[in-house]
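The sequence shown begins at 341 in this note's numbering and counts up by one.
Note that the Cβ used here is the ideal one computed from N, Cα and C, for glycine as well.
The structure presented is a predicted model; accordingly, all values stated were derived computationally and were not measured.
Data first, discussion second: the structure below is written as structure tokens.
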Amino acid sequence: MKQGKSWEDLMTVKDLEVVISNFQAQQGRSKSTDANTNGCRTVIGMLLRIQGFQEKEINGFVLKQMMKKPQYATRKKRKEQPIYKQGVPLKYIQGRFGFIEQLSEQQHMACVISSIMAFATLCLTEIQRAKATRNEDGS
């Protein structure tokens with residue numbers, strides 16, 4: 341604590357956006373990861389909302405601009421790592437193709453329906469994850 345500053349001075353926030361911007365700039369200087377920067381920003385926002393600050397004060401224009409780079413980098417990494425790889429179940433099915441010729445029509449239909457359900461579930465899981473991990477700016 342610097343001399344000449346009282347506890348009340350330290351606890352009084354005159355411009356919230358400047359305080360958060362300074363923290364974000366410090367995160368950049370310390371070379372923290374993009375995920376860490378996003379996490380810290382989220383936690384700070386939640387704590388300030390609990391204290392009663394308005395959304396406009398917490399998420400100003402300058403902060404949105406500062407957060408674009410870490411959010412984009414994190415989003416890019418998420419897109420490159422899907423939950424599933426469709427090739428794995430497909431290769432398994434193709435490997436078992438020799439046995440399919442020996443199945444009755446009803447058993448064959450059950451295998452087809454099961455495969456469709458499995459792929460649809462995987463795709464819906466990926467869509468649900470994408471919706472659940474929206475960024476602060478709605479993208």
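Whole-angstrom Cβ separation of residue i and residue j, contact assumed at under 8 Å?
i           : j           : result
residue 384 : residue 363 : 7 Å
residue 365 : residue 414 : That pair is no contact at about 18 Å.
residue 361 : residue 406 : 6 Å
Among the residues of its own chain, which have a CB less than 7 Å from the CB of residue i, if the five just before and after it don't count?
i           : result
residue 484 : For residue 484 there is no data in the structure shown, the boundaries of the chain being 341 and 479.
residue 378 : 410, 411, 414
Determine the burial state of residue i: buried for a count of at least 16 other Cβ atoms within 10 Å of its Cβ, exposed for fewer.
i           : result
residue 367 : buried
residue 411 : buried
residue 387 : exposed
residue 443 : exposed
Going along the chain, which residues of its own chain have a beta-carbon closer than 6 Å to the beta-carbon of residue i, five neighbours each way excluded?
i           : result
residue 397 : 356
Among the options, which has the Cα closest to the Cα of residue i?
i           : options       : result
residue 359 : 452, 381, 464 : 381
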